[in-house]
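Below is one structure; the comments refer to it alone.
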Amino acid sequence: MKGLLIAGTLALATPAAAVEYLEDGPYAHRRSLILTVGPGATYSERISGDAAVSGLAGHLDLGAAITVGYEGDEVFLLARGSTGRPGEELALITGYRSMFGSESWRTFFDLGVSVRPISGPWLGPRIGFGARHTLSDHFALYGGLGFTFGFGSGLRADTELFTGLQWIIPVGSAS
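Residue numbers (mature numbering (1 follows the signal peptide of the UniProt record, and there is no 0)): -18 to -1, 1 to 157.
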């Protein structure tokens, strides 16, 4: 009798667990709007005409993203204000963030474009990588390392460390 009770419990629990897995799996991901804010530091080297400037600057990022697909990948746009040795700058950065992993700790890879309309102008590619830790359904912390190259008013190269907080707002289904 005890064996029959255990077998019956397992038979009932297995379909329930399978349904729960499907509800929590990739088919349940919703489209989300993500608002970001975070500080960081950038080391810049730039050459314009006969002048070369290099130095460290602090920056603040304000941005937004929307998730695409079922893996939580993001299309993002952020404004970065910085001040330091190279001078005060504003950068607009847009791109695609590919997320990897399915637990609370995830890694990511960014591929994008950076535009600096005031200090240059400068335009160039940006790559980045990092990690994100989900704190709850609505908040996550992230950090990473990025590289930007700029062309326009000379040449420039930037290496950045970035961190921040993401506010995740569900806005619909991913289908």
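Even for Gly, the Cβ is constructed at its ideal location relative to N, Cα and C.
C-alpha gap between S14 and S118, whole angstroms: 14 Å
Tell me, to the nearest whole angstrom, how far the beta carbon of R138 is from that of S26; I am working on the premise that it is less than 8 Å. 6 Å
Just to check, is the beta-carbon of F58 closer than 7 Å to a non-hydrogen atom of the ligand FMN? Looking for the ligand FMN in the displayed structure turns up nothing, as the structure carries no ligands at all.
Three CB pairs or more closer than 8 Å across the region 73 to 90 and the region 45 to 65: yes
I150 versus G110: straight-line alpha-carbon distance, rounded: 21 Å
Alpha-carbon to alpha-carbon, T141 and I100: 19 Å
Taking just the CA atoms, how far does F91 sit from A39? 23 Å
Cα-Cα separation, W104 to G136: 8 Å
Grouping DSSP H, G and I as helix and E and B as strand, with all else coil, what is I100? coil
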